[in-house]
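Q: Please see the structure below; I have some questions.
In my numbering, the protein residues as written are 1 to 604.
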């Protein structure tokens, strides 16, 4: 639902896909603020007590760390932060006293035991060998453990889609893992070289707060790693089969629900994109229970579109997946494109996308979303798409580990979609689900930055919230449904590395706002070297590698002016973290703790 000046999105943008009833329940907009208020109270009491009160005598480091001889001081007490977060999250995720108590009993003891055993083991090692361990490093590791622990507990207690038996033929895990490890080692060495030869620059960055008290190993390794992966992927692109003369007939499926304000523009864009394309282009507009004039406007638009064959089909069952499957059933071509009703494909994109299918290994092709440029979130969203789709998704092609191509625009082989049973309904992330399953069949997944399209950016905070709650649940949904990729005997980078990282990253983003709150509390309530946290590490949480990658992505996409949106992008990341927290609170708690394990026959 892209918006131009003089137009606005419909007042009703929610649908049955906004919160699939089996797995999500709407929550009040006050649920997250109340949770953060409780977190702030718990954290404030602990910070003060650890630095000034009775707990200080037992934990002189200012955190729940045994005094076993760690060297140095900590920048932030990750353990007290983690306990405060888990307690407050369990209280508000559980919705009732009994459920919250059950969650607390499972959340806390295991993590506390891990911390306790870790301190005792490391203390013994230091005593026996004379080695020294930095308290700062121990605290950072404690935070990473907490986020991983939280991700695991979400999988165990959330109501999630059932596991399915996957058809898997993808190979090359050892090769891709070896390449990834080699590039990571090179990135570490390069970061070390920078630290040794750029003292003045690093000092300036630390002082400005861009990297806080962190070293290049924190803020430079990952950008360097992904930049090298990006280069590998681009070399692979240049060597892959592609033919501009490959122009098969194609069907475009456009699911639509209450899109009267934009659908004419979408169809005009499709007609322009089809102009000059040698094959026939059929567009199936699937009217999915629209209560406005979407169907009538679409029929009128098709009548004035000379380069496409347009049909309006009515699908009575609500839900985008049902509309897509209706279109799939009616598709008579070997290739199909799914396009959101609010997406305008730019000229040449259809031809460019289909040209990749001259390669028999190609399974999915996507492109680079652009923003309309008139909304309050557009500049931030543009950087977000350049980072995610124009940088990371391309880089991951270097190790055959792209997880998903967004449904805003995706091109598939029709028979492969049918072979996999079509698009899944009743969960979030059906576009990612089908893409990653195609990838696991051994097909290539391509994100080509030269394929471009303009896609919706919400113009209101309410609409943005609805969109992000939907999107952020999808990581848990696709991981549960496709758990054989994570746990099955046939290993791929997508299943063994990328999906677990995405789960971990969701947990980290969920806990980002609480971490910033905790840092502020420690700054004001701490004392001396134990509690006084320099402001730079707090700023670095919001900046550092993210800002560097954002600028890099803008330059690589040939859009340097997009860098001007960096301040709004940083603020947008905080808002995104808040919506991730809200999204996790909408997930229904399973009445019974369920092991995240394989229960169906192993993958083929």
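Backbone N, C-alpha and C define an ideal beta-carbon position, used for all residues, glycine too.
Give a yes or no on whether the C-beta atoms belonging to residue 343 and residue 250 are separated by under 8 Å.
A: Cβ distance not < 8 Å, so residue 343 and residue 250 don't count as in contact.
Q: Can you list, in chain order, the stretches of the alpha helix (DSSP H) that have 4 or more residues and sit fully within the stretch 307-353?
A: For the stretch 307-353, whole alpha helix (DSSP H) runs of length 4 or above, ordered along the chain, are 320-330.
Q: Spell out a yes or no on whether the stretch 394-402 and the stretch 322-330 are touching, meaning 3 or more CB-CB pairs, one atom from each, closer than 8 Å.
A: With a cut-off of 8 Å, the stretch 322-330 and the stretch 394-402 do not count as touching, because too few Cβ pairs lie within range.
Q: Can you tell me the Cα-Cα spacing of residue 297 and residue 558, whole angstroms?
A: Each residue's alpha carbon lies about 36 Å from the other.
Q: Quick one: measure Cβ to Cβ for residue 25 and residue 432, integer angstroms, because I've assumed they're closer than 8 Å.
A: Not a contact, Cβ separation roughly 22 Å.
Q: Can you name, in chain order, every residue of its own chain whose Cβ lies under 7 Å from the Cβ of residue 50, other than the five neighbours on each side?
A: These residues qualify, in order along the chain: 56, 59, 62, 63, 77 and 80.
Q: Quick check on this structure: which residue in 490, 564, 498 and 476 has the alpha carbon closest to the alpha carbon of residue 23?
A: Comparing Cα-Cα distances from residue 23 to each of 490, 564, 498 and 476, the minimum goes to 476.
Q: Assuming contact is defined by CB atoms lying nearer than 8 Å, are residue 338 and residue 450 in contact in what I supplied?
A: In this structure, residue 450 does not lie closer than 8 Å to residue 338 by Cβ.
Q: Please identify the residue among 304, 253 and 266 whose C-alpha is closest to the C-alpha of residue 288.
A: With distances taken between Cα atoms, residue 288 lies closest to 253.
Q: Do residue 509 and residue 577 come within 8 Å of each other at the CB atom, strictly closer than that value?
A: Their beta carbons are under 8 Å apart, which means residue 577 touches residue 509 by this criterion.
Q: Indicate the three-state DSSP secondary structure (helix, strand or coil) for residue 587 in the structure shown.
A: Strand.
Q: Which of the three DSSP states is assigned to residue 609 in this structure?
A: Residue 609 falls outside the range modelled here, since the chain spans only 1 to 604, and no answer is possible.
Q: Within 10 Å of its beta-carbon, does residue 398 have 16 or more other beta-carbons around it, so buried, or fewer, so exposed?
A: The residue in question, residue 398, is buried, as its Cβ has 16 or more Cβ neighbours within 10 Å.
Q: Using CA coordinates, which residue listed in 464, 416, 428 and 272 is at the minimum distance from residue 444?
A: For residue 444, the nearest C-alpha among the options comes from 416.
Q: Assuming residue 309 and residue 271 are in contact, meaning their beta carbons sit under 8 Å apart, how far apart are those beta carbons, in whole angstroms?
A: The pair is not a contact, with the Cβ atoms about 11 Å apart (cut-off 8 Å).
Q: With a cut-off of 8 Å on the beta carbons, I'd call residue 232 and residue 188 a contact; round off their distance for me.
A: Not a contact, Cβ separation roughly 17 Å.
Q: Beta strand (DSSP E) containing residue 164: first to last residue?
A: Per DSSP, residue 164 belongs to no beta strand (DSSP E) and is neither H nor E.
Q: Assess, as a yes-or-no matter, whether the stretch 163-178 is touched by the stretch 93-111 under the definition of 3 or more beta carbon pairs within less than 8 Å.
A: Because the criterion of three Cβ pairs below 8 Å is not met, the stretch 93-111 and the stretch 163-178 do not touch.
Q: Taking DSSP as the reference, what is the three-state secondary structure of residue 411?
A: Strand, per DSSP.
Q: Under three-state DSSP, which class holds residue 365?
A: In this structure, residue 365 counts as strand in the three-state DSSP scheme.
Q: What did DSSP end up calling residue 66 once you bin it into helix, strand or coil?
A: If DSSP states are grouped into helix, strand and coil, residue 66 belongs with coil.
Q: Between the Cα of residue 158 and the Cα atoms of 595, 596, 597 and 588, which residue gives the shortest distance?
A: Out of 595, 596, 597 and 588, 588 has the C-alpha closest to the C-alpha of residue 158.
Q: Spatial neighbours of residue 311 within its chain, please: CB distance less than 6 Å, with the 5 preceding and 5 following residues excluded, ordered by chain position.
A: These residues qualify, in order along the chain: 284.
Q: Indicate whether the contact test is met: 3 or more Cβ pairs, each with one atom in the stretch 233-240 and one in the stretch 563-577, closer than 8 Å.
A: Touching, no.
Q: Could you say which of 364, 507 and 487 lies nearest to residue 595 if we only look at CA atoms?
A: The option with the nearest alpha carbon to residue 595 is 487.
Q: Just how far apart, CA to CA, sit residue 116 and residue 166?
A: Going from the Cα of residue 116 to the Cα of residue 166 covers about 40 Å.
Q: Helix, strand or coil, according to DSSP, for residue 432 in the structure here?
A: Note: residue 432 maps to helix in three-state DSSP.
Q: Thinking C-beta only, is residue 493 closer than 8 Å to residue 362?
A: Cβ atoms of residue 362 and residue 493: not closer than 8 Å.
Q: So, with DSSP's three-state summary, where would you put residue 223?
A: Correct three-state label for residue 223: helix.
Q: Would you report the Cα separation of residue 113 and residue 156, rounded to the nearest angstrom?
A: C-alpha separation (whole angstroms): 19 Å.
Q: Who does residue 453 pair with in a DSSP beta bridge?
A: According to DSSP, residue 453 bridges with 345 and 369.
Q: Can you tell me the Cα-Cα spacing of residue 524 and residue 545, whole angstroms?
A: Between residue 524 and residue 545, the C-alpha separation is close to 26 Å.
Q: Mark residue 548 as exposed unless 16 or more other C-beta atoms lie within 10 angstroms of its C-beta, in which case mark it buried.
A: That one is buried.
Q: With three or more beta-carbon pairs closer than 8 Å as the criterion, would you say the stretch 494-513 touches the stretch 410-424?
A: No, the stretch 494-513 is not in contact with the stretch 410-424.
Q: So, with DSSP's three-state summary, where would you put residue 502?
A: Residue 502: helix per DSSP, three-state reduction.
Q: Starting from residue 286, trace the beta strand (DSSP E) both ways and give me its first and last residue.
A: Start and end: 281-287.
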